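Written out below as structure tokens is the structure these notes cover.
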Amino acid sequence: MHKRKRRFLKKGENLMMLRTIRLEKAKKAEQQKELTILNAITKCKLASSEVIPGVKELLQNNTIGNLVESLGRGNKKKIRAEAADALAHIASGSAEHSNLIAKAGAVPRLIRLFQSSDPEVSEKGVLSLGNLLHFAPNLRDFIISHGFVEKLLAIIQDTNTSTLILSHLTWVLRKLCISPQPSPPDDIAGILQALNILLYKPEAKILEDSLMAVRNLAHGSEMIQMLLGSEVIPRIIYLLEHDDAMVQKAAVQALRNIASGSAEQIQELLKHNLLPHMSALMSHSDADIRCQVLWLLLNVADGNHCQRQAIMNAGLLPKILENLKAEAIPLKSAAALTISMLAIDKDKNLLCYLMRQGVIPEFCNLLFYEDTEVICNLLQVLSTMLDVDPSFTAEVTGIIEWSGALNNIKMLQGNENEEISSVARKIISNYFS
Numbered sequence: 001m002h003k004r005k006r007r008f009l010k011k012g013e014n015l016m017m018l019r020t021i022r023l024e025k026a027k028k029a030e031q032q033k034e035l036t037i038l039n040a041i042t043k044c045k046l047a048s049s050e051v052i053p054g055v056k057e058l059l060q061n062n063t064i065g066n067l068v069e070s071l072g073r074g075n076k077k078k079i080r081a082e083a084a085d086a087l088a089h090i091a092s093g094s095a096e097h098s099n100l101i102a103k104a105g106a107v108p109r110l111i112r113l114f115q116s117s118d119p120e121v122s123e124k125g126v127l128s129l130g131n132l133l134h135f136a137p138n139l140r141d142f143i144i145s146h147g148f149v150e151k152l153l154a155i156i157q158d159t160n161t162s163t164l165i166l167s168h169l170t171w172v173l174r175k176l177c178i179s180p181q182p183s184p185p186d187d188i189a190g191i192l193q194a195l196n197i198l199l200y201k202p203e204a205k206i207l208e209d210s211l212m213a214v215r216n217l218a219h220g221s222e223m224i225q226m227l228l229g230s231e232v233i234p235r236i237i238y239l240l241e242h243d244d245a246m247v248q249k250a251a252v253q254a255l256r257n258i259a260s261g262s263a264e265q266i267q268e269l270l271k272h273n274l275l276p277h278m279s280a281l282m283s284h285s286d287a288d289i290r291c292q293v294l295w296l297l298l299n300v301a302d303g304n305h306c307q308r309q310a311i312m313n314a315g316l317l318p319k320i321l322e323n324l325k326a327e328a329i330p331l332k333s334a335a336a337l338t339i340s341m342l343a344i345d346k347d348k349n350l351l352c353y354l355m356r357q358g359v360i361p362e363f364c365n366l367l368f369y370e371d372t373e374v375i376c377n378l379l380q381v382l383s384t385m386l387d388v389d390p391s392f393t394a395e396v397t398g399i400i401e402w403s404g405a406l407n408n409i410k411m412l413q414g415n416e417n418e419e420i421s422s423v424a425r426k427i428i429s430n431y432f433s
């Protein structure tokens, strides 16, 4: 009896020892895993001010695999946040680095991360995902396929979401809307729904990034039509009068891209009462805003005769002329291109008005500016002014000679651009030979 009892106790002791050994092994394995992760994170931190390790080195050391694994729910919050931060740094190496991270399975884990209740973990997850998109726009639909837009909508509709996370998510959405692919992104309906919510947020940075997301989307007839059919257009036009210049600029840029569509799409845009907002913006203290407005008007004028006439009827030509006489070359060239587009119908009264407003000397000065598109358009307008009415000819030729542009036009006869050289030869042979 005593022998059996001793054997039983000894067996129990052995089981306890075996269990203890197993627990110790598991603990050491966990510590080794944590050490490996921390080493990978430390290495990335050390490299943050240096060259990011090459793809080959990262694969050999399984650095990305260890970091992606550490994003899992079983790890400490601090490790998850630092791993996401390290992956964000690696993603900035190149598109190849970013694609490697995505291939390693980081995307679904990062999406889960930005849903975390811990602010630091959530922030690092969002920023890491944003870096993937920034350096590898080709990942757009891959990230969307993992439910990003659906999760985004849930978070921005949650009234408890912090402004910081909202701001970061809007930045990621802005990046998501950049793509070399001509087709609209997957789940475009969800993206437009998200933008329609974010465009009503009070924070200027959120508004700016939302507007830039619209700008990034507005490429190609199909996508422009989707935007015109959404609810975002009236809000964008309203934001033209926002008190933050960066918001105004982003709104103009979004509308400029939308106005690059067909004449029918431009007309649909004009129905939203766009043009009355342009006059004040062309007197804005920010020269870049004025320049963007001129490019927007150039796109509108490129539509059809009715749309060019709408610009004239809105009384915008004097403002365009003011910018033509500005000192900044980008402003002058944008204004000159817009005027040349307005003059494309060869309306005699308009051309006469332009002459009386002193556009010819300004045009002649810009012929010295090394921009093929500007030179080509200005030569076309000068040629039209010379051709349209014999009574204009003496005045136009006189200004060209007086401004010193004649020698430049002679030189342009040998320009490598066939259109420029052809118009220059025509002007010289018809009026200065």
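Residue numbering for the sequence shown follows full-length UniProt numbering, beginning at 1 and increasing consecutively.
For glycine and all other residues, C-beta sits at the position ideal for the given N, C-alpha and C.
Every value quoted in this text rests on a predicted model; they were computed, and no experiment measured them.
Would residue i be called buried (16 or more neighbouring beta carbons within 10 Å of its own) or exposed?
i           : result
S162        : exposed
N430        : exposed
C177        : buried
I329        : exposed
M411        : exposed
residue 441 : What is shown of the chain runs 1 to 433, which leaves residue 441 out entirely.
E231        : exposed
R109        : buried
D209        : buried
F432        : exposed
A310        : buried
E370        : exposed
R308        : buried
S183        : exposed
G72         : exposed
Cα-Cα, which of the options is closest to residue i?
i    : options                   : result
S333 : Q292, E69 and L281        : Q292
I237 : A251, H284 and A328       : A251
L153 : L173, L296 and H134       : L173
D141 : K205, L71, E268 and P185  : P185
H134 : I156, M223, K151 and H97  : H97
I409 : D389, E395, P390 and F363 : F363
N221 : H305, N257 and L199       : Strictly speaking, residue 221 in this sequence is Ser, with Asn absent from that position. Out of H305, N257 and L199, N257 has the C-alpha closest to the C-alpha of S221.
E416 : Q225, I375 and N62        : I375
N377 : G404, A424 and C306       : A424
M144 : A102, I165, L317 and H242 : As written in the sequence, residue 144 is Ile, which differs from the Met given in the question. Per the Cα distances, A102.
E241 : M278, A259 and I344       : M278
V68  : N160, V55 and A104        : A104
I188 : N216, L255 and E264       : N216
G54  : L100, E82 and A83         : L100
P202 : K77, A314, L239 and R290  : L239
C352 : Q253, G147, V396 and S403 : V396
A326 : L337, V214, L350 and A287 : A287
L342 : S285, A263, V300 and N407 : V300
M282 : L350, M226, L207 and I320 : I320
So what's residue i in DSSP terms, helix, strand or just coil?
i           : result
G398        : helix
F368        : coil
I191        : helix
H242        : coil
I178        : coil
G65         : helix
Y200        : coil
F432        : coil
T338        : helix
N216        : helix
L71         : coil
N415        : coil
E231        : coil
N160        : coil
A47         : Residue placement at A47 is flagged as unreliable, the pLDDT there being 45, under the threshold of 50; the coordinate-derived value follows with that caveat. Of the three classes helix, strand and coil, the one that applies to A47 here is helix, per DSSP.
H168        : helix
S403        : helix
residue 434 : The chain is shown from 1 up to 433; residue 434 falls before or after that span and cannot be answered.
S422        : helix
P361        : helix
D209        : helix
I344        : helix
I52         : coil
With a threshold of 8 Å between beta carbons, is residue i in contact with chain D?
i    : result
S221 : Within the model displayed, chain D is absent; a lone protein chain is all it includes.
Between residue i and residue j, which are expected to be in contact by the criterion C-beta below 8 Å, what is the C-beta distance as a whole number of angstroms?
i    : j    : result
N90  : I111 : Rather than Asn, the amino acid found at residue 90 in this sequence is Ile. Actually they do not touch by this definition, with Cβ atoms about 18 Å apart.
A88  : S122 : Not quite, the Cβ-Cβ distance comes to about 14 Å (not below 8 Å), so this is no contact.
R80  : S70  : 7 Å
V126 : H168 : 4 Å
D85  : K124 : 5 Å
L324 : A335 : 4 Å
A259 : N304 : The pair is not a contact, with the Cβ atoms about 13 Å apart (cut-off 8 Å).
A254 : A218 : 6 Å
Q413 : S403 : Actually they are not in contact, since the Cβ atoms of Q413 and S403 sit about 18 Å apart, beyond 8 Å.
task: Would you mind listing the beta strand (DSSP E) stretches within the segment 78-157 that are 3+ residues and don't spill past its ends, in chain order?
output: none
- request: Please go through the segment 260-331 and give each complete alpha helix (DSSP H) segment of 4 or more residues, from N-terminal end onward.
  value: 263-270, 278-281, 287-301, 305-313 and 317-324
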